[in-house]
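Enquirer: In terms of this note's numbering, the sequence shown is residues 308 to 568. A single structure is presented below for examination.
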Amino acid sequence: MGEQYIRSLEEAVQSYAHWWREAGLHTAIEHEPHGWRQAPAAPFWQRDAAPAPVAERPALPVQPRVAEAVATRIAPTEMPAALPAFLDWLTKDDTQPETNWDGATILPPAQAGAKLLVLVEMPAMTASDSASLLDPSQRRFIEAMLGSIGIRADDAGFASLTMRRPPGGLLDETTLGRLGARMIHYLGLARPQATIVLGDRTSRALIGPQWRPSAEGLQKINHGEGTIDALALASAELLMSRPAAKAKSWRALRLLPGVWN
């Protein structure tokens, strides 16, 4: 009976020791301190991952941005101060943005002092000369608008910012700025009495920061030696497809006869 009790007591002690061993206590006394009262460590999924070491890269030399490099490389020479010389320069100067573009070269009109000049951003896809600068349906639409204020097609000239259609029909802002400055120089030489500017991008390039899409009335194009009255309208394509824009353009057209009277 006593032996059975002792064996049971030994088993109890072993079981008790085993329990503490499973709990992480292997010795009765240790000389190294433990933070028993500290909060338990957070689970691994709640811990912040240590940032991975980043190898330092050698500093690279500062390179100019693409737009700046292109603008520096193809900056045009001083533009001629006479209209015939300017038009000749457009065809011969190989720093023009259109130099490597496909398609026929369509120069702005050589006539000075025209009653009205209609300006667009770029030639139509099928354009081959000034007569086909606009899509045929758009040309008829614009001529009908001009006829409503007594302007015949022969009294109005047509020109585009680009002499050729750009690849994909897209112009970046740097090129658009150059073309706008070039057209403003042309306007200072040709001196039309008034202009109709079609398209928001064309208006922004020619009128400048003072242009507002919702502006009512005539605006001004400053060519350095004076200003030219400009009627900024939406593109011909948008005018033809949106009745509200078309109606607004018809109302704005009534302002032009006051320029000539």
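Glycine is no exception: its CB is placed at the ideal position from the N, C-alpha and C atoms. All values derive from a computational prediction rather than experimental measurement.
Measuring alpha carbon to alpha carbon, tell me which residue in Met490, Glu523 and Arg519 is nearest Leu394.
Expert: On the sequence shown, residue 394 is found 87 positions in, with the first residue counted as 1. Closest option to Leu394, Cα to Cα, is Met490.
Enquirer: Check for me: the alpha helix (DSSP H) holding Lys399 runs from which residue to which?
Expert: Taking the sequence shown and counting its residues from 1, one reaches residue 399 at position 92. Unbroken alpha helix (DSSP H) run through Lys399: Leu390 to Lys399.
Enquirer: Between Gly464 and Pro516, how many whole angstroms is the CB-CB distance? I'm expecting something under 8 Å.
Expert: Residue 464 sits at position 157 when you count from the first residue of the sequence shown. Residue 516 sits at position 209 when you count from the first residue of the sequence shown. Their Cβ separation, rounded to whole angstroms, is 27 Å, which puts Gly464 and Pro516 out of contact at 8 Å.
Enquirer: To the nearest angstrom, report how far apart Thr412 and Pro443 are at their CA atoms.
Expert: Locating residue 412 in the sequence shown gives position 105, where the first residue counts as 1. Locating residue 443 in the sequence shown gives position 136, where the first residue counts as 1. Straight-line Cα distance between these residues: approximately 18 Å.
Enquirer: Starting from Thr433, trace the alpha helix (DSSP H) both ways and give me its first and last residue.
Expert: In the sequence shown, residue 433 corresponds to position 126, counting from 1. Taken as a continuous stretch (DSSP letters only), Thr433 belongs to no alpha helix (DSSP H), as it is neither H nor E.
Enquirer: When you compare each of Trp396, Ala389, Met386 and Lys422 to Ile535 by their alpha carbons, which one comes out closest?
Expert: For the purposes of this step, residue 535 is identified with residue 228 of the sequence shown, where counting begins at 1. Closest by alpha carbon: Lys422.
Enquirer: Residues in the same chain with beta-carbon distance under 6 Å from Met429, minus the five sequence neighbours each way, listed in chain order, please.
Expert: Against the sequence shown, residue 429 aligns to sequence position 122. Excluding residues within five positions, the ones whose Cβ falls inside 6 Å are Ser467, Thr469 and Arg472.
Enquirer: Using the Cβ count rule (16 or more neighbours within 10 Å means buried), how would you classify Trp518?
Expert: Within the sequence shown, residue 518 is the residue found at index 211, counting from 1. Buried.
Enquirer: Inspect the beta-carbon positions of Leu563 and Ile456 and report whether they are closer than 8 Å.
Expert: Position 256 of the sequence shown, counted from the start, is the residue given in the question as residue 563. Position 149 of the sequence shown, counted from the start, is the residue given in the question as residue 456. In this structure, Ile456 lies closer than 8 Å to Leu563 by Cβ.
Enquirer: What residue range does the alpha helix (DSSP H) around Ser548 cover?
Expert: The residue given as residue 548 occupies position 241 in the sequence shown. That run of the alpha helix (DSSP H) goes Ala543 to Ser548.
Enquirer: Drop a sphere of 10 angstroms on the beta-carbon of Gly495, count the other beta-carbons inside from all chains shown, and report buried for 16 or more, exposed for fewer.
Expert: Counted from its first residue, the sequence shown places residue 495 at position 188. Buried.
Enquirer: For Gln517, which three-state DSSP category applies?
Expert: As a first step, residue 517 must be located in the sequence shown, where it is residue number 210. DSSP places Gln517 in coil when its eight states are reduced to three.
Enquirer: Please name the residue or residues paired with Asp536 in a DSSP beta bridge.
Expert: In the sequence shown, the residue the question calls residue 536 occupies position 229. According to DSSP, which records beta bridges pairwise, Asp536 is partnered with Ala501 and Lys527.
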